[in-house]
Amino acid sequence: MPIMSKDEAQALLKKVLSYSKADECEINLSGNDSGNIRYARNSVSTSGRVSQHQLAVASAFGKKLGIATINEFDEASLKKVVERSEELAKLAPENPEYVSFLGPQTFAEAKTYNPVTAAITPKLRSDLVEQSIKVAKDAGAVAAGFLEDNAGFAAMMNSKGLFAYNTSTNTNFSVTVRTTDGTGSGYATRGYNDITKLDTKKATQIATEKAVKSVKARAIEPGKYTVILEPAAVAVLLENIFFRLDARSADEGRSFLSKAGGGTRQGEKLVDERVNIYSDPMNPDLPTSTWNGDGRPQEKISWIEKGVIKNLSYSRYWAEKKGVKAVPGPDAAIMEGGTKSLEELIAGTKKGVLVTRLWYIRDVDPQSLLLTGLTRDGTFYIENGKIQYPIKNFRFNESPIIMLNNLEEMGKVERTVSVESNQNYLLPPLKVRDFTFSSLSDAV
Amino acid sequence: MIPAIPVIGNPIDPAKALEPVDVALKKRMADVALNAARSKGATYTDVRIGRYLNQFVVTREDKVQNIVNTESYGLGVRVIANGSWGFAATDKLDNDSIAKAAELAVAIAKENSRLLTEPVRLAPQKGYGEVNWKAPIQKNAFDVPMKEKVDLLLGVNSAAMQSGANYITSLLFMVNEQKYFASTDGSYIDQDIHRIWPAFFITKIDPTTGKFETRNSLSAPMGMGYEYLDVRPQDKIQSVTTLYKGRYDMLEDAKAGGAQAGEKLKAKSVEAGKYDLILDPSHLWLTIHESTGHPTELDRVLGYEANFAGTSFLTLDKWESKKFNYGSKIVNIVADKTQVGSLGAVGYDDEGVQCGQWDIIKDGILVNYQTIRDQAHILGLNASQGCCYADNWSSVQFQRMPNVSLQPGKDGKSINDLIKDVEKGIYIIGDGSFSIDQQRYNFQFGGQLFYEIKNGKIAGMLKDVAYQANSQEFWNSCTAIADANDYRLGGAFGDGKGQPPQSNAVSHGSSTARFNGVNVINTARNIG
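Right, here's the structure in full:
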């Protein structure tokens, strides 16, 4: 059984630690049961279930570090992985940046595990997909989608007395519905820790409606437009900020958070003052682990407050060098929003473009955080508060920093999933002016 | 120059302990799964037993950041029952756990069969009996002493810093896939696959303006052993910078890279507009990958990737017409799973099909796709093209891209021959930013080094360059391709597709090629 109890994990970690001859040793252990079902052309394609474990041993002699991993837990394999990490450490030169492992820490009890999700059966997966396919079939459309669920645990222990343990579950669902002639396409995605919240029928109805309404898209000129980005589109843009909050890169002068002449932009107002972004492992709508991979507690922390860069993330080495608290990067992020629904945002828009989903987001320039990518699966022209007609997809070239400076309005926050990273976030739909579309795409 | 940093330690090789698992044991385990699935009603079963070994050595400036060995060992079993696929995987390899995994795969297949519109149809495949294939490497990277690897990377870093870099991260990533495949067709296939990727990432900062530029290595990940790093003069191509063919001089490239990162800071910002592009193979591989490799994946064409990676503009009617003009007449694109030194080279794919090569674009016309056993009948083929791959024992195999390469020009042209005819152009070396839509029409690519061409001559470095095009228009604007002397492989370890996403390692070969009248944009922005 991949999910070990706290006692079982502790016992295994103690045993592995007992084999260590290094000055310091730290072990990370994880296991998970994951199931999935994939469908396309209104028919199931592949489906499976995987049970697996991993054990990673980091051994240090002085400031020399070696890491080895294994997924076999018999006595000989456990001894072998410890020995291998020690051999690697002995072969490594001293790393002056090595920081001694953390001592015992106190962690809050995470709210990440749901027993119903952990007990999902092949039949339930199949039922949920059947409901989705039925919606598309009834509309004379074609669904392709993916449902996955995970139940797992993670634990760590080191020679300085630190022990951490957590269990978690999650389920992500996404569906793309296309018209049979391929001229219309719509999308919806959902993510939860608790699978009983998942309504595949409702999500597929939204994707189907977008597909049907996006037929006969018109080409409009690329250029700067007011856009309403649905949360799934906001996620893939803003996560490029969340992933790049590292203080060291900023201090070294090679980040969008670097200040000309040296130092970081922490404390500077970088975006619209209505922007507040934080992470909170205990948020009931987006619970995450209360510790990170090197044993630091994950706590509620503000990253952008009233448009000001409030905190940056630090490795333990860089924090020690700078004499600051070693704040780990966020596991998930939350952006505060407003009270309006998506429909109300549309109703208040004179001219604009509604974007359902963005795709293939890549860095163009790390200095300005300029990103490129394309709209996909439901792009519509808005005029006088109403969706007027579907439009052909665009390529954009835009920086999320410039975008957050051009903020017009924020809608109600909802949990969404990034199609790029599979991460879950709590984000509002955003209305933004002067969003830069640089060319048209023929893709549907 | 090798830095004066001592690498102390007993030169034992930890990976020496990682002898492959006994083939007889793997056959016994496979038979347990095959028999268990059959007894539960599977009409077809295949089993993959994989041991995946990786080694990472990561350094920055004068420090070794990480030395990591990883190992993953387990079994995946795929079945057809009631006409539906089912899959289960486990890392517990006792007979009972293996049989349970096989039974679970059958149960999943049966459960899902009610959602089928038509049963799976597999192309026939003969069993090969007990066979094996080993990548033809000369030097197993896992046998090379750690000191040699560390010395190389710290030397690379020192060379870059001495030539002006402010920061450099360098790494060696080495892979050994020990894969065993067995199926109810009667194949028991043992394979040993090796891959290597040496790479660096340089940053240069202008302290007065706060601007920074980066320059990444011009290496390619390869399906080779450590011999890729044995420098040979005959594997170098002299152009505006030294380019590498089959062997890589990491030290020399780092030295050049440090200086070029500084040049980029002072380079002229490109004026947006139409340019003729001369694209080096270290750059063009990625454009081939995105605009040719992906749209010719048959699963995308059919809609199996519609929810994630997308579909394709190369629909079946275009193939059936036998006259869809994908590119100009000199454009010939070949799929090849046997190319020596390539990332995709294997003897057999992950559903037991012996690998080969075939034309995809012939004289500019779309003539074929990439298929696996349950798709072959759609193209009227009676055998798979051997494009099935899973990135781990725990992942289900599906259609993945083989090496897809642009064939060299036949009229004896060199890189200089291509440049000398360009009035207003840009010569692009190395891969950079990349993005393409879900049907593979509209793409945008950056690069590492951009040189302005004026009246047939290199006129200095440019920056802030990206080009946008439509795939079909772009390949029809291909007016010249250098000859086979310039042919080189590029590639990626991380070709992503599927849900859950899987990584495929794939190479793309080409010679330098010219594309006329491509739209170039300026990517400079100011965030205040």
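Chains as they are written, first to last, in the numbering used here: chain Y, 2 to 445; chain F, 931 to 1458.
Quick reminder that beta carbons are idealized off the backbone N, C-alpha and C, glycines included.
Would you say residue 71/Y and residue 220/Y are within 9 Å of each other, going by their C-beta atoms? no
Within 9 Å (strictly less), CB to CB, does residue 136/Y reach chain F? no
Would you check if there are 3 or more beta carbon pairs closer than 8 Å linking the stretch 245-265 of chain Y to the stretch 315-332 of chain Y? yes
Assign residue 109/Y to one of two classes, buried (16 or more other C-beta atoms within 10 Å of its C-beta) or exposed (fewer than that). exposed
Mind checking the stretch 162-182 of chain Y against chain F and listing, in chain order, the residues whose C-beta falls within less than 7 Å of any C-beta there? 175, 176, 177, 179
In the DSSP assignment, the alpha helix (DSSP H) including residue 404/Y goes from what residue to what residue? 401-406
Could you name the residues of the same chain whose beta carbon sits closer than 8 Å to that of residue 932/F, not counting the 5 residues immediately before and after it, in chain order? Residue placement at residue 932/F is flagged as unreliable, the pLDDT there being 32, under the threshold of 50; the coordinate-derived value follows with that caveat. Around residue 932/F: 1081, 1084, 1085, 1088.
Check whether the Cβ of residue 1041/F lies closer than 9 Å to any Cβ atom in chain Y. yes
Return the residue from the list 23/Y, 37/Y, 17/Y that minimises the CA-CA distance to residue 29/Y. 17/Y
Residues of chain Y with CB under 7 Å from residue 1324/F, in chain order? 51, 53
Nearest to residue 1259/F by CA position, among 1340/F, 1280/F, 1213/F, is which residue? 1340/F
Locate the alpha helix (DSSP H) running through residue 316/Y, then write down its first and last residues. Run containing residue 316/Y: none; DSSP gives neither H nor E here.
By a C-beta neighbour count over all protein chains shown, 10 Å radius and 16 as the cutoff for buried, is residue 1307/F buried or exposed? exposed
DSSP on residue 1337/F, reduced to helix/strand/coil? coil
If you drop the 5 nearest sequence neighbours on each side, which residues of the same chain put their C-beta closer than 6 Å to that of residue 134/Y? 43, 144
With 16 other Cβ atoms within 10 Å as the buried cut-off, status of residue 1211/F: buried
Just the Cα atoms here: how many angstroms apart are residue 1388/F and residue 1382/F? 6 Å
Roughly how far, in whole angstroms, is the beta-carbon of residue 1/Y from the beta-carbon of residue 276/Y, given that I think they are within contact range, below 8 Å? Since the first residue of chain Y shown is 2 and the last is 445, residue 1/Y is not available in this structure.
Taking any Cβ of chain Y, which residues in the stretch 1363-1374 of chain F have a Cβ under 7 Å from it, in chain order? 1363, 1364, 1365, 1366, 1367, 1368, 1369, 1371, 1372, 1374
Just mark residue 1329/F as buried or exposed, buried being the case when its beta carbon has 16 or more other beta carbons within 10 Å. buried
With a 10 Å radius around its C-beta and 16 neighbouring C-beta atoms as the bar for buried, classify residue 1312/F as buried or exposed. exposed
Can we say the stretch 339-346 of chain Y touches the stretch 407-414 of chain Y, given the rule of at least three CB pairs closer than 8 Å? yes
State whether the stretch 1345-1361 of chain F contacts the stretch 1193-1209 of chain F, with contact taken as three or more CB pairs (one from each stretch) at a distance under 8 Å. yes
Roughly how many whole angstroms lie between the Cα atoms of residue 1310/F and residue 1227/F? 16 Å
Should the stretch 251-264 of chain Y be regarded as contacting the stretch 1133-1146 of chain F, the criterion being three or more beta carbon pairs within less than 8 Å? yes
State whether the stretch 1108-1128 of chain F contacts the stretch 1054-1070 of chain F, with contact taken as three or more CB pairs (one from each stretch) at a distance under 8 Å. yes
Output the distance between the C-alpha atoms of residue 1155/F and residue 1437/F, rounded to the nearest integer angstrom. 15 Å
Near residue 1447/F, which residues of its chain fall below 8 Å by C-beta distance, leaving aside the five closest residues on each side in sequence? 1204, 1205, 1206, 1407
Indicate whether residue 259/Y and residue 279/Y have their beta-carbon atoms separated by less than 9 Å. no
Give me the Cβ distance between residue 1265/F and residue 1249/F, rounded to the nearest whole Å; I'm assuming they're in contact under 8 Å. Rounded, the Cβ-Cβ distance is 14 Å, inconsistent with contact.
Please state the DSSP three-state secondary structure of residue 1091/F. helix
In this structure, does DSSP put residue 1287/F in helix, strand or coil? strand
State the Cα-Cα distance for the pair residue 1405/F and residue 1141/F, rounded to the nearest angstrom. 35 Å
Cα separation between residue 1191/F and residue 996/F? 25 Å
Mind pulling the chain Y residues with CB within less than 7 Å of residue 1014/F? 45
Whose C-alpha, out of 167/Y, 128/Y, 87/Y, is nearest the C-alpha of residue 293/Y? 167/Y
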